[in-house]
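In the working numbering, the protein residues as written are 601 to 1013. Even glycine gets a Cβ: it sits at the ideal position worked out from N, Cα and C.
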Amino acid sequence: MLSRWNDKQAEAFGAEAEARGEPAALGLRVYTSRLIGQDPDLVLHGGGNTSVKIPAAEGTVIHVKGSGWDLGDIEAPGLPAMRLAPLLETRDVPRMSDEDMVAFLRSHLLDPSAPNPSVEALLHAYMPHAFVDHTHATAILVLADQADMEPVVQEIFGGRVGWVPYVMPGYDLSHACKDALARDPSVDGLWLAQHGLFTFAETARESYELMIEFVTMAEAYLAARGITVPAPEDTDRTAPEALVRDLADALAARDALGDEPALDFRSTPAIRAYLGRDDLPELARRGTVTPDHVIRLKPFGMLLQAGATREEIDAALDGFAAEYRAYFERNAPHAAEEKVMLDPLPRVILVPGAGIFGVGANMKAARIAGDLFEQTCRVVNAAEAYRRFTPISERDLFDMEYWSLEQAKLKKQ
Ligand SMILES: [Zn+2]
């Protein structure tokens, strides 16, 4: 992976920020956030987050990516500001519910109308470096979704990247990362098992280029073992016509996705290789490549034959719904509070020999599901070539999909 840093562009972002009366560092933060957000092999669709700490007369201020913004086209208002000092006081507070954390962060916003800072805001605050970057890079996920990788991470990065076992995003992960950095404050980044990578440095360029360097090291490690992770490939979008019509009708009849559920069909060499695997039924139920993906994709997809009739489509949807309900009933009793079951319709439909459908209540949601699953195919193919694709457990997937913060959003709607 190559650095896309450009001195002229960086200067322009800094100068534009200053012309608006903002610090140049905030302009540079916008610039490298966009560099990250515009590369689908670093982050996809609102994934990842970035921050910058800026000294001010009244004390240091931290800007962290706000929810609802995409790094690819972020602007300064998408990086809400908070005073750093009160955030750092939570380092000694062992527990905080995610709702309390969101309220706490909101109470320290300099602009009370700003968007909610990322749920990783405290993690960003705890890293002492001025710039902090977080991605779910494709090559990193190939290696992150494996068992027992601590020695491999040590080998690949020669001790420059600290190890953090899987912890659910939010307060606990922030503390786990703080503890990992305390064990070795000399590291330039943190490896989050089954999740992604953080890098940090004193300048925007350095933190961004560490990210590129570490992703490149992961790519080289895989390449040395004969594994290449292809970039996103050209997509054949010609879906089997009868299948599209019957599938759209069958989904619309179930109501849960509104009147006109959208389908995004695609087929690439990586998708076809994934669909052609003998262990597809088991592999497709193993889990998502990052904890975030489960919110868009659900924990598993639905398999369907290319020549399925309308009756067979309905049977497959019934089967998926039963499987999804069983997953809910297996896991909900372990949750701290009562959960409301989400709709039992698939977000990705796998059609061996043809391609995949992203499914959503509108075309945008269907496309996002399609993009995320296209990346999933590339990650899983390479992860299986390396050793064994090993994402987070079903219980952890459930905790993410039914996260209290996500459920709260639903209850509001
Ligand atoms: Zn993440």
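Check your understanding: Do you know offhand how far PRO944's Cα is from ALA804's?
Key -> What you label residue 944 is simply residue 344 of the sequence shown in a count that begins at 1. What you label residue 804 is simply residue 204 of the sequence shown in a count that begins at 1. Distance between the alpha carbons of PRO944 and ALA804 is about 43 Å.
Review point. Is GLY770 near ligand 1, going by C-beta to nearest heavy atom under 7 Å?
Key: On the sequence shown, residue 770 is found 170 positions in, with the first residue counted as 1. Answer for GLY770: no, Cβ out of range of ligand 1.
Check your understanding: Does the separation of the CB atoms of VAL742 and LEU883 fall below 8 Å?
Key -> As a first step, residue 742 must be located in the sequence shown, where it is residue number 142. As a first step, residue 883 must be located in the sequence shown, where it is residue number 283. No, Cβ-Cβ distance for VAL742 and LEU883 is not below 8 Å.
Check your understanding: Going by DSSP, what residues sit across from VAL719 in a beta bridge?
Key -> Numbered from its first residue, the sequence shown carries residue 719 at position 119. Answer is none; VAL719 lacks a bridge partner.
Review point. ASN649 bridges to which residues according to DSSP?
Key: As a first step, residue 649 must be located in the sequence shown, where it is residue number 49. Note: ASN649 sits in a beta bridge opposite HIS734.
Exercise for review: Assign GLU658 to buried or exposed, taking buried as 16 or more other Cβ atoms, counted over all protein chains shown, within 10 Å of its Cβ.
Suggested key: Within the sequence shown, residue 658 is the residue found at index 58, counting from 1. With fewer than 16 other Cβ atoms within 10 Å, it is exposed.
Point to revise | Three-state class that DSSP yields for ALA884 in the structure shown | key: Position 284 of the sequence shown, counting from 1, holds the residue named residue 884. DSSP places ALA884 in coil when its eight states are reduced to three.
Review point. With burial defined as no fewer than 16 other Cβ atoms inside 10 Å of the residue's Cβ, what is the status of LYS964: buried or exposed?
Key: Position 364 of the sequence shown, counting from 1, holds the residue named residue 964. Result: exposed.
**Study point:** Euclidean distance between Cα positions of ALA932 and ALA966
**Key:** Within the sequence shown, the letter at position 332 stands for residue 932. Within the sequence shown, the letter at position 366 stands for residue 966. About 27 Å.
Check your understanding: Does the beta carbon of THR888 fall short of 7 Å from some heavy atom of ligand 1?
Key -> As a first step, residue 888 must be located in the sequence shown, where it is residue number 288. Result no, Cβ not under 7 Å from ligand 1.
Exercise for review: Evaluate VAL602 with the Cβ neighbour count: other Cβ atoms within 10 Å of its Cβ, from every protein chain shown; 16 or more gives buried, anything less gives exposed.
Suggested key: Residue numbering aside, residue 602 sits at position 2 when the sequence shown is read from its first letter. A small correction: the amino acid at residue 602 is Leu; Val does not occupy that position in the sequence shown. The residue in question, LEU602, is exposed, as its Cβ has fewer than 16 Cβ neighbours within 10 Å.
Review point. Taking 8 Å as the CB-CB limit, is ILE812 close to chain C?
Key: Within the model displayed, chain C is absent; a lone protein chain is all it includes.
Check your understanding: Sorry if obvious, but does the Cβ on ASP864 come closer than 7 Å to a heavy atom of ligand 1?
Key -> Mapped onto the sequence shown, residue 864 falls at position 264. Not so, every heavy atom of ligand 1 lies at least 7 Å from the Cβ.
Review point. Can you find at least 3 beta carbon pairs, one from the region 718-737 and one from the region 768-785, that sit closer than 8 Å?
Key: yes
Exercise for review: Provide the residue(s) that pair with ILE949 in DSSP beta bridges, ordered along the chain.
Suggested key: Reading the sequence shown from its first residue, position 349 is the one you call residue 949. For ILE949, which the question treats as bridged, DSSP gives the partners MET902, PHE957.
Practice item. Can you grab the Cα-Cα spacing for the pair ASP607 / ARG978, in whole Å? Key: For the purposes of this step, residue 607 is identified with residue 7 of the sequence shown, where counting begins at 1. For the purposes of this step, residue 978 is identified with residue 378 of the sequence shown, where counting begins at 1. Going from the Cα of ASP607 to the Cα of ARG978 covers about 33 Å.
Point to revise | Check: LEU789 C-beta below 7 Å from any heavy atom of ligand 1 | key: The residue labelled residue 789 in the question sits at position 189 within the sequence shown. First, the residue type needs correcting, since residue 789 is Gly and not Leu in the sequence shown. Incorrect: GLY789 has no Cβ contact closer than 7 Å to ligand 1.
Exercise for review: Just the C-alpha distance for VAL959 and LEU851, rounded to the nearest angstrom, thanks.
Suggested key: Locating residue 959 in the sequence shown gives position 359, where the first residue counts as 1. Locating residue 851 in the sequence shown gives position 251, where the first residue counts as 1. The alpha-carbon atoms of VAL959 and LEU851 are separated by roughly 9 Å.
Point to revise | Option nearest LEU863 by Cα separation, candidates GLY887, THR838, ARG886 | key: Here residue 863 refers to the residue found at position 263 when the sequence shown is read from its first residue. Closest by alpha carbon: THR838.
Exercise for review: Please work out which residues of its chain come closer than 6 Å, Cβ to Cβ, to PRO640, disregarding the five sequence neighbours upstream and downstream, and give them in chain order.
Suggested key: Walking along the sequence shown from the start, residue 640 turns up at place 40. Only PRO832 meet the Cβ criterion.
Check your understanding: What residues in its chain sit with their C-beta under 8 Å from that of THR660, if we drop five residues either side in the sequence?
Key -> Within the sequence shown, residue 660 is the residue found at index 60, counting from 1. Correct list, in chain order: LYS653, ILE654, ARG683, LEU684, ALA685.
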